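Residue numbers (the working numbering): 124 to 850.
Okay, here's the thing in structure tokens:
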């Protein structure tokens, strides 16, 4: 029985490219040998399918605008074997036709590059190409010198070319015929990305809705990648985020294929006798339930392999980088502290990717500065001869997630050579990739660092494998779960059916940020204070302008606060997809002159020191570093109780914790806000308490002993006082 799913992708480079790469990592056969090129409209997709099935043979004169650089004679010698699943992307409402043949807009503008270089001329050409103005079009073209210099074949193509826009009826008819021609089809829409001004591209948005409406009426499956893009982050997902928003980054394209595989391809493998990736991973980890890891009696800790997905500019990556540097210092006898155990082996950071394309190497220079070696899993040699896998594990390899298989093949031999005492694995994705590899390498202790809330509360990031994986890991000797908030620890425990308290908690380490500002920062602040000279209370926010941070809610509350206390001004630090919308909203609320939007800046500490208080309105959080950093700056905070926000400060002493995350109450916010605005003495006292609390709770001197206790497994990390935890 064939043990791979045969797949065919019809569409643009957005799906064709990851489908071509997929057989290197997934049990699939990419059946694209007779696919002649990219398609965008439903008419083009249907025509491509007719070509696969031998029912369409194009006029050779049209090949330059249908399939340039393609050997038609060679293609026609091939026979298309039906695939198990067809993925058909529909991304454009423009339907170009020469006679009965649908041609591709991009190829048309490339082939007639000189003709379409004149934008006014191009616009007039398309205006006359509606199929109803042929005589006017012929007369106009005949008078153009550029047209007369074309070959007779090219002239004929332009003369007979028509363009129309898709309708619900035409798209529905095409989709109905496509579904009738192939046994199993999944339609894929374009990605509904936001432009720099925070708006959807109107034509794209309308076509996505049209395709979804047609699919629903016909009862056909349709996959919209927009939710995946938002979960991944638009800036990281789109390789041309500053221009056309039409192309995916390699990382996101692979992420997208992974989702398509889990949803549509994996079930077919299961029906053919293969195990699901989730079941296979759980079974593979369960092999190690009877292991007896060797524990050291030394007061010192052996080597530490810190494993994560990337070194991008995120909070978890910043924490890992900071701790890696501190742990590395403990390997040097001359810098070891009498109060802390030393580290006798190597401290190494291991990542899945260091791609500079999307800034996945952001913290690499800092690790290099601290002398921390960094390895990329895919760059490690696949030295299967250096290890012997447990025999029950070997037959499961074919069903495991591809990233897990690669880690077993590359990371396991590496860990066998370096022999760390601890594999310190950060975040769900890295656990999926590397936990089994660490067990196969017989690493004595695995510490799983859970950052933020569990996947069941973040469905857009959920993978089927996570639950079985974590449940199996919880039963393996030498595996310890940890989190950076008690809220996350309790939520993961509840999800997995583990006792509360079995997941240990170590909070983030932080420092006071530098207070210097650039010349631009200083000028911006001086101009702002000059035009708001009557203000005596500055309320600030530091966040990325996205759906989770809820900038709109922040501004709604700020507008109400300004009405209640007119001597207020507001500083918002950060950027993001919703920044333009936020500025427009401030104008709509009538207080844009009281708001300063700094944009992205390296001088966060400078701006914190300009604030009298800071607000955070997030829906989801781990342990918000900005709340800790604000307190280091002596700034009281107001926050929703998202995630571990309530653990970052002391309600009523260093700030105010609102009672509801999903539906924060404006009256409650205003009560807290006015307490701070009107009472400068209380504000100063809270600032003093905030600075003291931050130093006592989140300094590296506090967090490092807890981290070493966690890694050694000899003691439960010290917990903060209960009033702080549940204030």
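Glycine included, C-beta positions come from ideal geometry on N, C-alpha and C.
This structure is a prediction, so every number in the text was calculated from the model and none was measured.
Quick one, which of 563, 684, 803 has its alpha-carbon nearest residue 533's?
Counting from one through the chain shown, the residue named residue 533 turns up at place 410. Checking every option, the nearest Cα to that of residue 533 belongs to 563.
Residue 774 bridges to which residues according to DSSP?
For this step, residue 774 is matched to residue 651 along the chain shown. DSSP output for residue 774 lists 778 as bridge partner(s).
Tell me which same chain residues have a C-beta within less than 7 Å of the C-beta of residue 222, skipping the five on either side of it?
Position 99 of the chain shown, counted from the first residue, corresponds to residue 222. The answer, listed in chain order, is 283.
Quick one: what's got a C-beta closer than 7 Å to residue 844's C-beta in the same chain, skipping five residues either side?
Your numbering for residue 844 matches position 721 in the chain shown. Note on residue 844: pLDDT 43, under 50, position unreliable in the model; the coordinate value appears next. If we look at residue 844 and ignore the five residues flanking it on each side, it has no Cβ neighbours.
Using only the alpha-carbon positions, how far apart do residue 270 and residue 264 sit?
In the chain shown, the residue the question calls residue 270 occupies position 147. In the chain shown, the residue the question calls residue 264 occupies position 141. Straight-line Cα distance between these residues: approximately 6 Å.
Pairwise C-alpha distance: residue 318 and residue 692
Along the chain shown, read from residue 1 onward, the residue named residue 692 stands at position 569. Along the chain shown, read from residue 1 onward, the residue named residue 318 stands at position 195. The straight-line gap from Cα to Cα measures roughly 29 Å.
Just mark residue 163 as buried or exposed, buried being the case when its beta carbon has 16 or more other beta carbons within 10 Å.
The count along the chain shown starts at 1 and reaches residue 163 at position 40. Classification for residue 163: buried.
Report all residues from its chain with a CB closer than 6 Å to the CB of residue 695; omit the five preceding and five following residues, and keep chain order.
Along the chain shown, one-based indexing puts residue 695 at 572. Here the set comprises 664, 720.
Where residue 135 and residue 474 are concerned, what is the direct C-alpha to C-alpha distance, given to the nearest angstrom?
As a first step, residue 135 must be located in the chain shown, where it is residue number 12. As a first step, residue 474 must be located in the chain shown, where it is residue number 351. Those two C-alpha atoms are separated by around 31 Å.
Please classify residue 248: does DSSP put it in a helix, a strand, or coil?
Sequence index remark: in the chain shown, residue 248 carries index 125 (1-based). Helix at residue 248.
Run the CB neighbour count on residue 830, radius 10 Å, all protein chains shown included, and call it buried at 16 or more, exposed below.
Locating residue 830 in the chain shown gives position 707, counting from the first residue. When all chains shown are included, residue 830 counts as buried.
Just the Cα atoms here: how many angstroms apart are residue 700 and residue 745?
Translated into the one-based positions of the chain shown, residue 700 becomes position 577. Translated into the one-based positions of the chain shown, residue 745 becomes position 622. In a straight line, the C-alpha of residue 700 is about 21 Å away from that of residue 745.
Segments of 3+ residues assigned as beta strand (DSSP E) that fall wholly inside the segment 718-748:
If you keep only unbroken beta strand (DSSP E) runs of at least 3 residues inside the segment 718-748, you get 718-722, 736-739.
If we count the other Cβ atoms within 10 Å of its Cβ and call it buried at 16 or more, is residue 509 buried or exposed?
Counted from its first residue, the chain shown places residue 509 at position 386. At residue 509, the pLDDT of 48 sits below 50, so the modelled position is not reliable; the number obtained from the coordinates is stated separately. By the 10 Å Cβ count, residue 509 comes out exposed.
Residues near residue 792 by beta carbon distance below 6 Å, same chain, minus five either side
The count along the chain shown starts at 1 and reaches residue 792 at position 669. Same-chain partners within the cutoff: 680.
Going by DSSP, what residue range makes up the beta strand (DSSP E) through residue 310?
Numbered from 1 along the chain shown, position 187 holds the residue referred to as residue 310. Its beta strand (DSSP E) spans residues 308-312.
Taking buried to mean at least 16 other C-beta atoms within 10 Å of its own C-beta, is residue 276 buried or exposed?
Taking the first residue of the chain shown as 1, we reach residue 276 at position 153. So residue 276 counts as exposed.
Which residues in the same chain have their Cβ closer than 7 Å to the Cβ of residue 765, if we skip the five residues on either side of it in sequence?
For this step, residue 765 is matched to residue 642 along the chain shown. Excluding the 5 residues flanking it on each side, residue 765 has same chain C-beta neighbours closer than 7 Å at 741, 742, 743, 744, 784, in chain order.
Assumed close pair residue 380, residue 142 - CB separation to whole angstroms, cut-off 8 Å:
Locating residue 380 in the chain shown gives position 257, counting from the first residue. Locating residue 142 in the chain shown gives position 19, counting from the first residue. So it is a contact: roughly 7 Å between Cβ atoms.
Strictly by DSSP, which residues pair up with residue 216?
The residue given as residue 216 occupies position 93 in the chain shown. Residue 216 is not bridged to any residue.
If you check the beta carbons only, do residue 424 and residue 834 fall under 9 Å apart?
If you number the chain shown from 1, residue 424 lands on position 301. If you number the chain shown from 1, residue 834 lands on position 711. Closer than 9 Å, so yes.
Tell me, please, which residues DSSP counts as bridged to residue 130.
The sequence position of residue 130 within the chain shown is 7, counting from 1. Per DSSP, 153, 208.
Which same chain residues, not among the five before or five after residue 129, have their C-beta less than 6 Å away from its C-beta?
The residue given as residue 129 occupies position 6 in the chain shown. For residue 129, where only same-chain residues beyond five positions count, the Cβ hits under 6 Å are 152, 154, 206, 207.
Residue 132: buried (16+ other C-beta within 10 angstroms of its C-beta) or exposed?
One-based indexing of the chain shown puts residue 132 at position 9. Buried is the call here.
Quick one: Cα of residue 729 to Cα of residue 780, how far?
Numbered from its first residue, the chain shown carries residue 729 at position 606. Numbered from its first residue, the chain shown carries residue 780 at position 657. Going from the Cα of residue 729 to the Cα of residue 780 covers about 25 Å.
Return the bridge partner residues of residue 288 from the DSSP annotation.
If you number the chain shown from 1, residue 288 lands on position 165. 217.
So, do the segment 573-592 and the segment 608-623 have three or more beta carbon pairs nearer to each other than 8 Å?
Verdict: yes, contact present.
Which ranges does the alpha helix (DSSP H) cover as unbroken runs of at least 4 residues, wholly within the segment 458-528, from first to last along the chain?
487-492
Entirely enclosed alpha helix (DSSP H) segments - the segment 584-608, minimum 4 residues:
587-596
Where does residue 633 sit, in a helix, a strand or coil, going by DSSP?
Taking the chain shown and counting its residues from 1, one reaches residue 633 at position 510. Of the three classes helix, strand and coil, the one that applies to residue 633 here is coil, per DSSP.
Assuming residue 543 contacts residue 418 (C-beta within less than 8 Å), just tell me the rounded distance between them.
Taking the chain shown and counting its residues from 1, one reaches residue 543 at position 420. Taking the chain shown and counting its residues from 1, one reaches residue 418 at position 295. The Cβ separation is near 14 Å, so there is no contact.
For the segment 712-726 against the segment 625-632, do three or more pairs of beta-carbon atoms, one drawn from each stretch, fall closer than 8 Å, so that the two count as touching?
no
One or two residues paired with residue 677 in a DSSP bridge:
Residue mapping note: residue 677 aligns to position 554 of the chain shown, counting from 1. Residue 677 is not bridged to any residue.
Three-state secondary structure (DSSP) of residue 571:
As a first step, residue 571 must be located in the chain shown, where it is residue number 448. Reduced to three states, the DSSP call for residue 571 is strand.
Do you know whose CA, among 177, 301, 258, 797, lies nearest residue 165's CA?
Numbered from 1 along the chain shown, position 42 holds the residue referred to as residue 165. Per the Cα distances, 301.
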